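J.: Quick one: the structure is below, questions incoming.
Residue numbers (the numbering used here): 1 to 198.
The structure is reproduced here in structure tokens:
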């Protein structure tokens, strides 16, 4: 495989990741009734793709495994370019002249990037839709576990289900109330994770 203009594609790739991070966050919070863009700043948007990928070892592992599997698959394809299905995949079967090895490598690189981009888009959207529906359904059915305790600067403590946070706000559902609440980070003294079931 050969990647042409990779130095130009990397910033574009990160821009796509940022856009997908925004879409994922917007979709997730849409299901719980919050317009997240109103409560986010530029830094939250820029780091959202990285924070999504590193949010859980399974997510990072699954994403890495997907890219590695794709890479191995395309290495396999590169060694079987004489087969009809590979020629059809690379759209070289109808060419009047047989493509050079260099042209095949470029086609393989472009195909790899497009399949990876599609997979990443599906990955982020899937996380946003799946988690959004799951959290929304659990809140509506009153089946969430209140496993965080928030102490505010006024010394008031609340037992909550923590939906998420960014650099400015935390989003949570208080026990006994199905409404999503938003509090500024500055008003919070401590957030405690409770190991015991409440």
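Beta carbons: idealized from backbone N, C-alpha and C, even for Gly.
For clarity, every value in this text was computed on a predicted model and none was experimentally measured.
Grouping DSSP H, G and I as helix and E and B as strand, with all else coil, what is residue 40?
T.: Residue state, collapsed to three classes: coil.
J.: Do residue 37 and residue 22 have their C-beta atoms closer together than 9 Å?
T.: yes
J.: Does the distance from the C-beta atom of residue 166 to that of residue 52 stay below 9 Å?
T.: no
J.: Only counting the same chain, and skipping five residues up and downstream in sequence, which positions put a Cβ closer than 7 Å to that of residue 63?
T.: 53, 123
J.: Below 8 Å CB to CB, which residues in the same chain sit around residue 34 once its five sequence neighbours on both sides are set aside?
T.: 171, 180, 182
J.: Could you give the first and the last residue of the continuous beta strand (DSSP E) run that contains residue 182?
T.: 180-184
J.: Just verifying my parser: in three-state terms, what is the DSSP assignment at residue 14?
T.: It is helical.
J.: Check whether the segment 150-160 and the segment 117-135 touch, using three or more Cβ-Cβ pairs below 8 Å as the test.
T.: Two segments are said to touch when three or more pairs of C-beta atoms, one from each, lie closer than 8 Å; by this definition the segment 150-160 does not touch the segment 117-135.
J.: Output the residue ranges of the alpha helix (DSSP H) runs that lie fully inside the segment 74-111 and measure 4 residues or longer, sorted by chain position.
T.: 84-90
J.: Specify, as a first and last residue, the run of the beta strand (DSSP E) that residue 154 falls within.
T.: Neither: residue 154 is in no beta strand (DSSP E) and is coded neither H nor E.
J.: From residue 29 to residue 40, what distance separates their C-alpha atoms?
T.: Using only the alpha carbons, I get a separation of about 12 Å.
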